[in-house]
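Following this note's numbering, the numbering of the sequence shown begins with 2 at its first residue and continues without gaps.
All C-beta atoms, glycine included, are put in the ideal place defined by N, C-alpha and C.
These notes are about the structure you will find just below.
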Amino acid sequence: MKPSDNLTTEQHQPSWATGCLLIAVVTLGLGINGFLRLVEIGVGLFGADSGGRIIIVWISLAIGAAMAGIWFGLTGGTLRDTALRWLAGLPLPAILVLTSLLPSAESQLQMVIQAVICLCYALIIIRLTRCSPWQWRWLPAVFSSGLLMSLPWLAIGTPGSWLDTGLALLTGGLVGWVGGCLLVWRPPQSWQQPSVSVTIRLIEGGGLSVLLLILSRALGVNNTALLFLFSAPVGGWLLLTLGRHISVATLVPMTILFGMFFFGVPLALTDSDTLITLLLFSSFPEGFHLAVLAAIGQAFLALIAILLVQFVRNPRIHAVGAGVIAVFGLALIIGGGRATPQGDRWFVVLRDQAVLRDLATIPDYDQRRMAVYQRLTNHALTTQADLRATLNRIGVRYTPYYLVNALEVEADLPVRLWLQQLPEVVEVMPVPHLRPLPVGLLTSVGNEPPPDETPWNLIAIGAPEVWARGIRGAGIIIGQADSGVDGAHPELRDSYAGQTPNGVDHTYHWLDPWTNAPAPYDASGHGTHTLATILGNRVGVAPEATWIGCVNLARNLGNAPRYLDCMQFLFAPYPPAGDPFRDGDPTRGAHILNNSWGCPADFEGCTPKSLQPAVQALRAAGVFVVASAGNDGPTCSSLNAPLAIYDDVMTVGAVNSAGQLAPFSSVGPVTSDGSLRPKPDLVAPGTNILSAFPDQSYAYADGTSMAGPHVAGAVALIWSANPALIGDVETTEQILRETAKPYPYSDGDRCGVGNGVGAGLLDVAAAVQRALTR
Numbered sequence: 002m003k004p005s006d007n008l009t010t011e012q013h014q015p016s017w018a019t020g021c022l023l024i025a026v027v028t029l030g031l032g033i034n035g036f037l038r039l040v041e042i043g044v045g046l047f048g049a050d051s052g053g054r055i056i057i058v059w060i061s062l063a064i065g066a067a068m069a070g071i072w073f074g075l076t077g078g079t080l081r082d083t084a085l086r087w088l089a090g091l092p093l094p095a096i097l098v099l100t101s102l103l104p105s106a107e108s109q110l111q112m113v114i115q116a117v118i119c120l121c122y123a124l125i126i127i128r129l130t131r132c133s134p135w136q137w138r139w140l141p142a143v144f145s146s147g148l149l150m151s152l153p154w155l156a157i158g159t160p161g162s163w164l165d166t167g168l169a170l171l172t173g174g175l176v177g178w179v180g181g182c183l184l185v186w187r188p189p190q191s192w193q194q195p196s197v198s199v200t201i202r203l204i205e206g207g208g209l210s211v212l213l214l215i216l217s218r219a220l221g222v223n224n225t226a227l228l229f230l231f232s233a234p235v236g237g238w239l240l241l242t243l244g245r246h247i248s249v250a251t252l253v254p255m256t257i258l259f260g261m262f263f264f265g266v267p268l269a270l271t272d273s274d275t276l277i278t279l280l281l282f283s284s285f286p287e288g289f290h291l292a293v294l295a296a297i298g299q300a301f302l303a304l305i306a307i308l309l310v311q312f313v314r315n316p317r318i319h320a321v322g323a324g325v326i327a328v329f330g331l332a333l334i335i336g337g338g339r340a341t342p343q344g345d346r347w348f349v350v351l352r353d354q355a356v357l358r359d360l361a362t363i364p365d366y367d368q369r370r371m372a373v374y375q376r377l378t379n380h381a382l383t384t385q386a387d388l389r390a391t392l393n394r395i396g397v398r399y400t401p402y403y404l405v406n407a408l409e410v411e412a413d414l415p416v417r418l419w420l421q422q423l424p425e426v427v428e429v430m431p432v433p434h435l436r437p438l439p440v441g442l443l444t445s446v447g448n449e450p451p452p453d454e455t456p457w458n459l460i461a462i463g464a465p466e467v468w469a470r471g472i473r474g475a476g477i478i479i480g481q482a483d484s485g486v487d488g489a490h491p492e493l494r495d496s497y498a499g500q501t502p503n504g505v506d507h508t509y510h511w512l513d514p515w516t517n518a519p520a521p522y523d524a525s526g527h528g529t530h531t532l533a534t535i536l537g538n539r540v541g542v543a544p545e546a547t548w549i550g551c552v553n554l555a556r557n558l559g560n561a562p563r564y565l566d567c568m569q570f571l572f573a574p575y576p577p578a579g580d581p582f583r584d585g586d587p588t589r590g591a592h593i594l595n596n597s598w599g600c601p602a603d604f605e606g607c608t609p610k611s612l613q614p615a616v617q618a619l620r621a622a623g624v625f626v627v628a629s630a631g632n633d634g635p636t637c638s639s640l641n642a643p644l645a646i647y648d649d650v651m652t653v654g655a656v657n658s659a660g661q662l663a664p665f666s667s668v669g670p671v672t673s674d675g676s677l678r679p680k681p682d683l684v685a686p687g688t689n690i691l692s693a694f695p696d697q698s699y700a701y702a703d704g705t706s707m708a709g710p711h712v713a714g715a716v717a718l719i720w721s722a723n724p725a726l727i728g729d730v731e732t733t734e735q736i737l738r739e740t741a742k743p744y745p746y747s748d749g750d751r752c753g754v755g756n757g758v759g760a761g762l763l764d765v766a767a768a769v770q771r772a773l774t775r
């Protein structure tokens, strides 16, 4: 490599005092930035918007600039060049982090924008550094080391669509291009001279490690950049080792390839949807935990690659090694069943939705449900015909829906842009779809004994008084859409609608649209806990009600189509492999749907109106829909996600054992759809709730997810007490509001009348008494 204008090692050998100070500066800077990374996670975990993350990243970059400035002032020659490279790289993450202003569900759009930013930045760096034209050469050592570092990702990762994969590799290569031009501009001294001191080499290796940390500081979607925190410190040393064995003409091609392997492969094989803050502390082995292990594995294999590059100089050996590693890596991902690209998906809502108001007055309940089903399906088949024909013609896969007149389309960004221009389409939203994991999920198990007396929350709402009258929910079917259900739990086993004298029959009673599991299961425990609060033998409000179930939160992340899959099935169940449009039977469906979930636009893609036609249709059919308010309180207007925001559902907030509003309980008014609608409608116990958990265990839990089931159970008791009210959603809501206990604390209306606790605290004893007089 041609020597630069840098002075020689002897002229700028730092003293021990200066060296110690430099080490202290870098250590302090990295320590502060590591702390800020934790703060960044906390900002997301507690619901702050993207602006908070941007500010934290900018603060960390400002601290990095100050550290680089101190280094620059204490050194000269090639050591000062290290600081100049840092300073030249700092603007890139400062710009990249702005893409976090987009919802995290828009991962493909974010990657497109990041690729464009990296390209523009590379062109600017080329211009400023006068990065000379470079010459492509076959570099076996780069391929062998890059493929070696890729093995952990091939072992655990799954590729996105072809566009996702291409964008990831392109972005990684562009980042490598930026780094290459900075190194041509200010090359390390150990690349220019046959021998340098150990001190210089240590400083330059550490300097390149910091440079990689800087360039990757805001790379990727959600928390992807955290992964490079584990691998970049070793990656810098590998880059330094590779550069010592090539000429200046091939430096940029080398760094481009290095960037594709080092940054691009992790971006391509990591499911960014599993890296949202909500899932960071999920039970192992979720995507984030596995990705961290892969990043650590990448760092470990980079250490091995350093030794191979340093001591194995024969390019033929590296070429053969690259081929062997490539075959082994493909075997890992193909053998694991994860080689098929997981295409992006879009939820396409049509402008023409079915009108059902006239059907709501049909007096016979089953006839009304059937009439609503038939009109919905016929309307969807008619209005979707042209769009379906077009999608068939161009070879795009899709799934049609009727409860909302919509389709889930499997395609990339260009198809989405086309769909948005169609006059019959009202909106197109992203569908985060979790990619397969290499291993199964661990099942969460509670650590509490079963109750030996009636839990406090059931006493608080007056359930024992209703049971004493022989009213326990018999004849009412609950539809549970959640993480699943442990159907073998003693609290729930006997109340499963699939229990027959001849054994268990899951037909018409269970659906798993995520994995097609044939029988009820629950990995996280959330669904088991909430359903048992509705109808558990010892912990439930309505212990003689029955249930049918569906999985819409298999890994604690949903999307509009999966929520809709479950709502359609619970309204009109159909047999396995059946057609929801043709084989649904609404007379077998649930009377009451419990929804202890929300669909936020940021990371699940739902817009405020995306699921509104579904709840309107369910109400017209006489299905009572309960929705938990959400856990984003106490800020006013924190109740902001479907289904809780809709007027057609009963939204439930949470109170503690003293009857006071829980701080986490979301409150209105609803501003996300511009309605300023007061919400929630009622409050119910939602803290320290003991209920069932998988593997015949029990656990305490807090959240509005725990409050909503109390109201679902209360409706089951009301309808069981007075079957004439079944399907009369409006009257039932009126009874619940009118009989609610007044809220005794001053914070109930701090966000406006009705925007903290609604009508008050659920009183099921008074509600059933009122229902019996109807």
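Exposed unless 16 or more other CB atoms sit within 10 angstroms - verdict on residue i
| i | result |
| --- | --- |
| residue 6 | No answer about residue 6 holds up, because its pLDDT of 38 lies below 50 and its placement is not dependable. |
| residue 577 | exposed |
| residue 108 | buried |
| residue 36 | exposed |
| residue 257 | buried |
| residue 731 | exposed |
| residue 132 | buried |
| residue 643 | buried |
| residue 55 | buried |
| residue 747 | exposed |
| residue 623 | buried |
| residue 479 | buried |
Euclidean distance between Cα positions of residue i and residue j
| i | j | result |
| --- | --- | --- |
| residue 239 | residue 53 | 34 Å |
| residue 756 | residue 634 | 12 Å |
| residue 270 | residue 312 | 30 Å |
| residue 260 | residue 251 | 14 Å |
| residue 719 | residue 495 | 21 Å |
| residue 588 | residue 499 | 15 Å |
| residue 764 | residue 652 | 15 Å |
| residue 448 | residue 526 | 12 Å |
| residue 363 | residue 369 | 5 Å |
| residue 1 | residue 604 | A question about residue 1 goes unanswered here, because the residues of the chain that appear run from 2 up to 775. |
| residue 203 | residue 24 | 10 Å |
Residue from the options with nearest C-alpha to residue i
| i | options | result |
| --- | --- | --- |
| residue 445 | 411, 524, 520 and 397 | 524 |
| residue 168 | 158, 157 and 111 | 111 |
| residue 683 | 692, 700 and 645 | 645 |
| residue 454 | 409, 541 and 372 | 541 |
| residue 442 | 410, 93, 484 and 448 | 484 |
| residue 319 | 146, 159, 543 and 766 | 146 |
| residue 456 | 421, 535 and 528 | 535 |
| residue 744 | 662, 692, 731 and 773 | 662 |
| residue 586 | 660, 173 and 375 | 375 |
| residue 71 | 237, 87, 687 and 222 | 87 |
| residue 1 | 370, 265 and 333 | Since the displayed the chain opens at 2 and closes at 775, residue 1 lies outside it and no answer follows. |
| residue 372 | 172, 404 and 275 | 404 |
| residue 678 | 656, 649, 701 and 734 | 649 |
| residue 697 | 347, 263 and 490 | 490 |
Residues bridged to residue i (per DSSP)
| i | result |
| --- | --- |
| residue 482 | 551 |
| residue 694 | 698 |
| residue 671 | 678 |
Residue interval of the alpha helix (DSSP H) (run including residue i)
| i | result |
| --- | --- |
| residue 771 | 765-773 |
Where the beta strand (DSSP E) through residue i begins and ends
| i | result |
| --- | --- |
| residue 295 | Careful: residue 295 lies outside any beta strand (DSSP E), inside the alpha helix (DSSP H) at 288-312. |
| residue 537 | Element bounds for residue 537: n/a, residue is neither H nor E. |
| residue 654 | 651-656 |
| residue 399 | 398-402 |
| residue 465 | No beta strand (DSSP E) contains residue 465, which is instead part of the alpha helix (DSSP H) from 464-468. |
| residue 346 | 346-351 |
| residue 625 | 625-629 |
| residue 498 | It is not in any beta strand (DSSP E) - residue 498 carries neither H nor E in the DSSP assignment. |
| residue 430 | 426-431 |
Near the ligand GTP: residue i beta-carbon under 7 Å from a heavy atom
| i | result |
| --- | --- |
| residue 725 | What this structure holds is no ligand at all, so the ligand GTP is not there to describe. |
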